[in-house]
Structures are given as structure tokens and as C-alpha cells.
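Just so we're aligned, residue 16 is where the sequence shown starts under my numbering, counting upward by one. Here a beta-carbon is modelled for each residue, glycine too, at the ideal position from N, C-alpha and C. Report on the following structure.
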Amino acid sequence: MIPAHLNFAHLKRCVSILTVLEAKGVTTPLTKRGDQLFGPCPLHGGDNPNAFVISLSKNLWRCFTGCDAGGDVVELVRRLYGKNYRQTAAFLATLAATEPTSQTASSLQPLKKSFRPFTARLHLNASVPWLRQKRITPTTARRFEVGAYQGGGFLKECIAVRLHDLDGHPIGYAGRCLDPQKAKQCGKWKFPPRLPKNEILYHYSETLML
16 MIPAHLNFAH LKRCVSILTV LEAKGVTTPL TKRGDQLFGP CPLHGGDNPN
66 AFVISLSKNL WRCFTGCDAG GDVVELVRRL YGKNYRQTAA FLATLAATEP
116 TSQTASSLQP LKKSFRPFTA RLHLNASVPW LRQKRITPTT ARRFEVGAYQ
166 GGGFLKECIA VRLHDLDGHP IGYAGRCLDP QKAKQCGKWK FPPRLPKNEI
216 LYHYSETLML
């Protein structure tokens with residue numbers, strides 16, 4: 016008999032699609048229309064704001080452009096991470112253990128109005144030319160959780176920098192844009208939506224221990 020915490024029916028009820036996207040580091044703002052969320056597709060990396068649709072009540076997704084596919088949270092994890100079913104079950108079980116509440120249409124609106132910390136750790140490449148040009152060694156980059164992000168979302172084609180609150184708790188990532196043209200148009204730095212910048216001092220908590 017399959018343990019309850021690895022049962023797909025149970026996991027699909029416990030883990031929302033939004034939680035999976037946040038765990039992957041996809042923080043691109045989504046537009047809410049009724050029971051649905053619209054945004055760029057995190058799977059094929061498009062920029063069409065209406066390509067990817069999430070049904071909040073059904074916890075289902077669909078990409079209407081590049082992927083031309085859809086499904087539940089299980090299928091999203093398999094495609095987003097390239098995992099088999101056993102690995103997907105274990106991954107979702109981990110997320111289920113940290114999922115605070117079910118994100119329904121009624122609970123989403125107040126959450127959209129305030130900053131939501133992103134605590135998952137992203138896989139970053141600390142050995143890239145841009146960091147070497149700045150004389151930042153891979154050891155130093157890993158120490159401060161800095162590196163090139165290979166995924167999609169707002170950190171695409173960026174050097175990601177881990178952000179913490181004043182108590183040292185991780186709250187997300189900032190991105191240093193590597194595309195000169197985009198940096199010229201939109202600025203060199205990207206930050207998560209609604210980030211409380213006045214409450215952040217880079218690695219402040221560590222200076223207290225010196």
C-alpha cells in the first residue's frame with residue numbers, strides 16, 4: 016500500500032501549482048481574472064502574458080502556445096524538473112510538508128497585495144565569466160549564494176543574489192541583468208514584486224557576528 020504522504024491523490028490536494036512555481040524560482044507576476052491566473056509559460060520560457068493559465072479551484076494548468084500541453088500539479092513537476100513519477104511523489108511530499116494553506120481563489124487576493132518571501136534555494140552556477148571579471152571567486156560566490164541562474168522567470172539571464180531579512184532569514188533573490196540591451200531599457204537590477212527594500216540590508220545579520 017502506498018503511504019498517504021506519497022499518494023498522488025493526496026499530494027494533488029495538498030500542493031498548489033503556485034507553490035511548485037515558487038519552489039522553482041518562477042516569480043513572474045501573474046494576472047488574476049476570475050478563477051484563473053494568466054502569465055508567461057515557465058516551461059518553454061516564453062514572454063506571452065496570456066500563454067500559461069492556472070485554474071485555482073481545479074489546481075490545473077495549461078500552456079496554449081509553445082508547449083500546447085496541460086495537466087495537474089504532478090505533470091507540471093515532471094515537465095518542470097524532468098523527474099519520473101517516484102521522484103515527483105517525493106518532491107511533492109516535501110512541498111506538502113511546508114505548504115501553509117491551500118491557495119484558493121478567495122485566499123489569493125490578500126496574498127497578492129503583500130510581499131511573499133521565497134525561501135527555497137536555487138541552483139546557481141558560481142563559475143561564470145561575469146563573476147570572474149568582477150574578481151569574485153567561485154568560493155566567494157557560493158559563500159554569499161551568488162551565481163548565474165539557468166531557469167526561467169524574472170531571473171532568466173541574470174546573476175542571482177540571495178536576499179535575507181534583518182534577522183538573516185532568506186526572502187528571495189535579486190537579479191543582475193546580463194543582457195546589456197535589457198539592462199539599458201529596464202535597469203541593471205531586478206527585484207521580486209513588492210519587495211520591502213527598506214527592510215533589507217545586504218548580509219546585515221552576518222555583520223552582527225563579526
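Checklist entry - Per DSSP, which one or two residues make a beta bridge with Ile174? => result Its beta-bridge partners are Ala163 and Arg191.
Checklist entry - Distance, Cα to Cα, Gly166 vs Gly40? => result A direct Cα-Cα distance of roughly 8 Å separates Gly166 from Gly40.
Next on the checklist: Taking the alpha-carbon of Cys56 as reference, which of Arg48, Val30, Asp83 and Lys47 has the nearest alpha-carbon?
Outcome noted: If you compare the alpha carbons of Arg48, Val30, Asp83 and Lys47 with that of Cys56, the shortest gap goes to Asp83.
Checklist entry - In the DSSP assignment, what residue or residues form a beta bridge with Phe23? => result Assignment of beta-bridge partners to Phe23 by DSSP yields no partner.
Next on the checklist: Using the three-state DSSP reduction, which class does Arg147 fall into: helix, strand or coil?
Outcome noted: In this structure, DSSP gives Arg147 a helical state, which the three-state scheme calls helix.
Checklist entry - So the beta strand (DSSP E) Val68 belongs to, where does it begin and stop? => result Per DSSP, Val68 is one residue of the beta strand (DSSP E) stretching across Phe67 to Ser70.
Next on the checklist: Rounded to the nearest angstrom, what separates Gly60 and Lys171 at their Cα positions?
Outcome noted: Their Cα atoms are separated by approximately 9 Å.
Next on the checklist: Can you tell me whether Leu52 is helix, strand or coil according to DSSP?
Outcome noted: It is a strand residue.
Item to check | Reduced DSSP category for Gly168 - H, G, I as helix; E, B as strand; rest coil | outcome: In this structure, Gly168 counts as helix in the three-state DSSP scheme.
Next on the checklist: Taking the straight line between their C-alpha atoms, what separation do you get for Ile69 and Asn22?
Outcome noted: Those two C-alpha atoms are separated by around 22 Å.
Checklist entry - Could you give the residue range of the alpha helix (DSSP H) that holds Leu33? => result Note, Leu33: alpha helix (DSSP H), Ile32 to Lys39.
Checklist entry - By the 10 Å Cβ neighbour count, where 16 or more other Cβ atoms means buried, how is Tyr188 classified, buried or exposed? => result So Tyr188 counts as buried.
Next on the checklist: Going by DSSP, what residue range makes up the alpha helix (DSSP H) through Ala141?
Outcome noted: Where Ala141 is concerned, there is no enclosing alpha helix (DSSP H), given that its DSSP letter is neither H nor E.
Item to check | Arg94 in three-state terms, based on DSSP | outcome: Arg94 sits in a helix when the DSSP states are folded into three classes.
Item to check | Contacts around Val92, its chain only, beta-carbon distance under 7 Å, and the 5 residues preceding and following it disregarded | outcome: The answer, listed in chain order, is Val35, Lys98, Thr103, Phe106 and Leu107.
Checklist entry - Thinking just about the alpha-carbon of each residue, which of Asp194, Leu178, Gln196 and Gln200 is nearest to the one in Phe226? => result Beyond the ends of the chain as shown, which are 16 and 225, falls residue 226; an answer cannot be given.
Checklist entry - Roughly how many angstroms lie between the CA atoms of Ala135 and Gly183, to the nearest whole one? => result Spanning the two alpha carbons is a distance of roughly 14 Å.
Checklist entry - From Leu45 to Phe53, what does the alpha carbon distance come to, in whole angstroms? => result One C-alpha to the other measures close to 5 Å.
Checklist entry - Per DSSP, what kind of secondary structure is Cys29 in: helix, strand or coil? => result Here Cys29 sits in helix by DSSP.
Checklist entry - For Lys203, which option in Ala141, Leu58 and Ala175 has the closest C-alpha, if you only look at C-alpha atoms? => result Of Ala141, Leu58 and Ala175, the residue nearest in Cα terms is Ala175.
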